[in-house]
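Engineer:
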Amino acid sequence: MNHVIHGKNEVVNLVVASVFAGGHVLLEDVPGVAKTLLARSLAEILGLEFARIQFTPDLLPSDIIGLTIWDPPTQQMQFRKGPIFTNILLADELNRASPKTQSALLEAMAESQVTVDGVTYPLPDPFVVIATQNPIEFEGTYPLPEAQVDRFLTSTTIGYPSEGDERQVVTDHLATGIANANVTQIFDPERLLQVRRTLQTIYVSDAIIDYVVALARFTRDRSSVSLGASPRGSIALALLSRAAAAVAGRDFVTPEDVKAMAIPALVHRIRLSPEAWIRGLRRESIVNEAIQSIPMPVAVDESGDSH
7 MNHVIHGKNE VVNLVVASVF AGGHVLLEDV PGVAKTLLAR SLAEILGLEF ARIQFTPDLL
67 PSDIIGLTIW DPPTQQMQFR KGPIFTNILL ADELNRASPK TQSALLEAMA ESQVTVDGVT
127 YPLPDPFVVI ATQNPIEFEG TYPLPEAQVD RFLTSTTIGY PSEGDERQVV TDHLATGIAN
187 ANVTQIFDPE RLLQVRRTLQ TIYVSDAIID YVVALARFTR DRSSVSLGAS PRGSIALALL
247 SRAAAAVAGR DFVTPEDVKA MAIPALVHRI RLSPEAWIRG LRRESIVNEA IQSIPMPVAV
307 DESGDSH
């Protein structure tokens, strides 16, 4: 992935960890910073099917999940699957679609299934939504409801590359006509599912669980916050910390894993009060305040050794 997305190791690790943990990713960034490239390249490397939907105001739920139509040869109603039946779905500019269309993803993201005309259809396993939205341009958009934002395991930004990395991107594009090198498949769906099963064996001590819960609860007790991280946020932080430990090659979670994943797991679940928003307070500062205020526990691995 680092041969494709230059100079963004932390973002790549976070997205890979999110997919390993079985969650969905929200990318909030300006156009042209390789959000689509990241999602497509990751799908190729993992050997997963990929589909992209460009969300627009006139997009209908049936354009996403499919619809039931009359099939003359069989003289029966047949369900024609929509693009949501894939492994990695890129929901590009999700907030440009109407709330009715946005809600078509809720059941899919929560239950990995869709229901059409009273019939439930399971989605492929694994199933991951990588959604994007532009945090600058709001004209003609529909803000995502909190219930949908809370479905994303993590949120992050890619940001502009450094001067050297941007020069490499331009050089690659001039040489090959594309802004990235060819990627090689090194995974397949069954191996990814095996990784997810393995994550369940990574040790999380009681002290780490207490630390995760304390960080999430801290966000609910601030006067500058009108809505803090939900219990689903606590679960997301624990799952991401497990995945971060796995990516680092450890079979136990450390407080550093939790700290590294706190902002991606919690910040999009926080809504500032109107007064705090007017003052220009950032949601990230709430999570950073929690990290600075709550003492880190001593990490203990499964053998009982302290770290």
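Letter by letter, the sequence shown follows residues 7 to 313 in the working numbering.
C-beta: ideal position from N, C-alpha, C; glycine also.
Please read these numbers as outputs of a predicted model, since none were measured by experiment.
Below 8 angstroms on the Cβ atoms is my contact criterion, and I expect Ile59 with Ile71 to pass it. Report the Cβ-Cβ distance as a whole number of Å.
Structural biologist: Contact flag wrong, Cβ pair sits at about 11 angstroms.
Engineer: Is it a yes or a no for the segment 212-230 touching the segment 27-41, going by three-plus beta-carbon pairs under 8 angstroms?
Structural biologist: Segments in contact, no.
Engineer: Quick test of your reading: Ser240 and Val259, contact by CB under 8 angstroms. State the CB separation rounded to the nearest angstrom.
Structural biologist: Contact flag wrong, Cβ pair sits at about 14 angstroms.
Engineer: Just to confirm before moving on: does the CB-CB distance between Thr147 and Arg102 stay below 8 angstroms?
Structural biologist: Contact: yes.
Engineer: Find the nearest neighbour of Lys265 within the set Ala250, Arg277, Phe158 and Ile136, judged by alpha-carbon distance.
Structural biologist: Closest by alpha carbon: Ala250.
Engineer: Taking its Cβ as the centre, do 16 or more other Cβ atoms sit within 10 Å of Gln298, making it buried, or is it exposed?
Structural biologist: Label assigned to Gln298: exposed.
Engineer: Specify whether the segment 171-180 and the segment 43-50 touch according to this definition: at least 3 beta carbon pairs, one from each stretch, less than 8 angstroms apart.
Structural biologist: Because the criterion of three Cβ pairs below 8 angstroms is not met, the segment 171-180 and the segment 43-50 do not touch.
Engineer: Only counting the same chain, and skipping five residues up and downstream in sequence, which positions put a Cβ closer than 8 angstroms to that of Asp131?
Structural biologist: Result list for Asp131: Ser118, Pro195 and Leu199, in chain order.
Engineer: If you reduce the DSSP assignment to three classes, tell me which class Arg1 lands in.
Structural biologist: The structure shown does not extend to residue 1, since the chain is modelled only from 7 through 313, so no value can be given for it.
Engineer: Looking at Arg277: is its Cβ nearer than 8 angstroms to the Cβ of Ser232?
Structural biologist: Against a cut-off of 8 angstroms, the Cβ pair of Ser232 and Arg277 comes out as a contact.
Engineer: One question on the structure: do Met302 and Pro270 come within less than 8 angstroms of each other, judged by their Cβ atoms?
Structural biologist: No. Outside cutoff.
Engineer: Could you compute how far the alpha carbon of Leu96 sits from the alpha carbon of Ala57?
Structural biologist: Their Cα atoms are separated by approximately 6 angstroms.
Engineer: Could you work out which residue in Leu100, Phe133, Thr163 and Ile142 is closest to Gln154 when comparing CA atoms only?
Structural biologist: Closest option to Gln154, Cα to Cα, is Leu100.
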